[in-house]
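Participant: Pasting a structure below so you can have a look.
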Amino acid sequence: MATRDYVILTDSNCDLSDETCAQLGVRLVYMPYIIGEEDFSGAPDNRLDLNEFYNRMRDGQPTKTYQKSPEEYRLAYEAILAEEKDILVIAFSSQLSNTYNNSVLMARQMMEDHPEAHILVVDSQNATGGQALLVELAARKKAEGATLEENARYLSQVRDQIGIYFFVDDLEYLYRGGRLSKAGAVVGTIIGVKPIIRVAKDGSLQTTDKVRGRKKAIAYLAEKTIQQLDSALCSKVYLISAQSDEDALELGRMVLAQHPECDLELMPLGCCIGAHTGPGTLGIAFAAKEWF
40 MATRDYVILT DSNCDLSDET CAQLGVRLVY MPYIIGEEDF SGAPDNRLDL NEFYNRMRDG
100 QPTKTYQKSP EEYRLAYEAI LAEEKDILVI AFSSQLSNTY NNSVLMARQM MEDHPEAHIL
160 VVDSQNATGG QALLVELAAR KKAEGATLEE NARYLSQVRD QIGIYFFVDD LEYLYRGGRL
220 SKAGAVVGTI IGVKPIIRVA KDGSLQTTDK VRGRKKAIAY LAEKTIQQLD SALCSKVYLI
280 SAQSDEDALE LGRMVLAQHP ECDLELMPLG CCIGAHTGPG TLGIAFAAKE WF
């Protein structure tokens, strides 16, 4: 019996553009968000321009995000299963949201209802550019002929090597998101402290260091990337920017000077992640030989 074809499905927290996903043959589940009094689905016909989103955050408008319900995943799965194809789901980190759990819950139910179907859900243990790198690696493996099961195993093996370092410009946003105390946000802002945060191997957020000033924070991100980059696994490096394009390009130049083989790409930080980190956030996502 011939192996069924499969579709790679991920969520928009990967911050890949609709055009890139179409080129890769990847389908998206759009993640919703609220700013001020407005609710957006995140779909192409119901989303806010990123600059407007961050400008409204600067103006003090509150933001909120929430995960898709299992029912919404059912609709996404049904559309693919109707094409008689299986599904490889690459989900936003289970440590940061219930998105993964909801996608697993509905996958189990759908396979009970459709015994011929196979739906495998992989916890990316990542977000934004890190999740995007896993999606691109999965698309590459699929193009090379990997089966659904082979691709899922591959992603489970390499995901520990994919990660992100980032810092925020205004600690107030981390306070609002419950990641920092009010006192810590106020004191840190006054003295110009930039906590360096990474997405750890288990997909949680971990503060690795604290530096004074934005220039030192950029240099820190560059140093860590230069030390750890494994371009043999993945030469793509994402420069993640929330209205920080000039600093992102400077970070890229620093990395490229030591790793001319890497493929740098500027990635605008999407609304769902940016809602928790705020404008001015700068990050870098890459494959590492070892995280330390």
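Following my numbering, the numbering of the sequence shown begins with 40 at its first residue and continues without gaps.
We put the CB at the ideal spot given by N, CA and C, even for glycine.
If you compare alpha carbons, which of E262, N85, I74 is closest to T104?
Facilitator: If you number the sequence shown from 1, residue 104 lands on position 65. Considering only alpha carbons, the answer is I74.
Participant: Determine, for Y72, whether the minimum Cβ-Cβ distance to residues of chain D falls below 7 Å.
Facilitator: Here chain D cannot be found, since the structure has a single protein chain.
Participant: Quick check on E304: does DSSP put it in helix, strand or coil?
Facilitator: The sequence position of residue 304 within the sequence shown is 265, counting from 1. In this structure, E304 counts as strand in the three-state DSSP scheme.
Participant: Can you give the Cα-Cα distance for E262 and V294, rounded to whole angstroms?
Facilitator: Locating residue 262 in the sequence shown gives position 223, where the first residue counts as 1. Locating residue 294 in the sequence shown gives position 255, where the first residue counts as 1. Their backbone Cα atoms lie some 8 Å apart in a straight line.
Participant: Any idea which residues DSSP pairs T320 with across the strands?
Facilitator: To locate residue 320, count along the sequence shown from 1; it is residue 281. BP columns for T320 are empty, so no partner.
Participant: Whole-angstrom Cβ separation of L321 and I257, contact assumed at under 8 Å?
Facilitator: What you label residue 321 is simply residue 282 of the sequence shown in a count that begins at 1. What you label residue 257 is simply residue 218 of the sequence shown in a count that begins at 1. Right, the Cβ-Cβ distance comes to about 7 Å (below 8 Å), so this counts as a contact.
Participant: Would the region 128-148 count as touching the region 45-56 if we require 3 or more Cβ pairs under 8 Å?
Facilitator: Yes, the region 128-148 is in contact with the region 45-56.
Participant: Assign K233 to buried or exposed, taking buried as 16 or more other Cβ atoms, counted over all protein chains shown, within 10 Å of its Cβ.
Facilitator: Along the sequence shown, one-based indexing puts residue 233 at 194. Classification for K233: buried.
Participant: If you count every other CB in all the chains shown that lies within 10 Å of the CB of Q266, and 16 or more means buried, which is it?
Facilitator: One-based indexing of the sequence shown puts residue 266 at position 227. That one is exposed.
Participant: Taking Cβ to Cβ, would you say L305 is nearer than 7 Å to A287?
Facilitator: Position 266 of the sequence shown, counted from the start, is the residue given in the question as residue 305. Position 248 of the sequence shown, counted from the start, is the residue given in the question as residue 287. Cβ atoms of L305 and A287: closer than 7 Å.
Participant: Taking 7 Å as the limit between beta carbons, can you name the residues of its chain near P109, skipping five residues before and five after?
Facilitator: Within the sequence shown, the letter at position 70 stands for residue 109. Same-chain partners within the cutoff: N141, L144, M145.
Participant: Check whether the region 235-255 touches the region 161-170, taking contact to mean three or more Cβ pairs, one atom from each stretch, closer than 8 Å.
Facilitator: Contact between the region 235-255 and the region 161-170 is present, because at least three Cβ pairs lie under 8 Å.
Participant: Would DSSP call P101 helix, strand or coil?
Facilitator: The residue you call residue 101 lines up with position 62 of the sequence shown. Three-state DSSP puts P101 in coil, outside helix and strand.
Participant: Where do the ends of the alpha helix (DSSP H) carrying P299 lie?
Facilitator: If you number the sequence shown from 1, residue 299 lands on position 260. Careful: P299 lies outside any alpha helix (DSSP H) and carries neither H nor E.
Participant: Quick one: is N90 buried, meaning 16 or more other Cβ sit within 10 Å of its Cβ, or exposed?
Facilitator: Here the question's residue 90 lines up with position 51 in the sequence shown. Exposed, since its Cβ has fewer than 16 Cβ neighbours within 10 Å.
Participant: Which value, in whole angstroms, describes the spacing of the CA atoms of Q282 and M96?
Facilitator: Within the sequence shown, numbered from 1, the residue matching residue 282 stands at position 243. Within the sequence shown, numbered from 1, the residue matching residue 96 stands at position 57. If you take the alpha carbons of Q282 and M96, they lie about 12 Å apart.
Participant: What is the DSSP secondary structure of R237, counted as helix, strand or coil?
Facilitator: Locating residue 237 in the sequence shown gives position 198, counting from the first residue. In the structure shown, R237 sits in a strand (DSSP, three-state: E or B).
Participant: Have a look at D248, R43, S270, L63 and flag the residue whose alpha-carbon is nearest the alpha-carbon of A121.
Facilitator: As a working mapping, residue 121 is identified with position 82 in the sequence shown. Answer by Cα proximity: R43.
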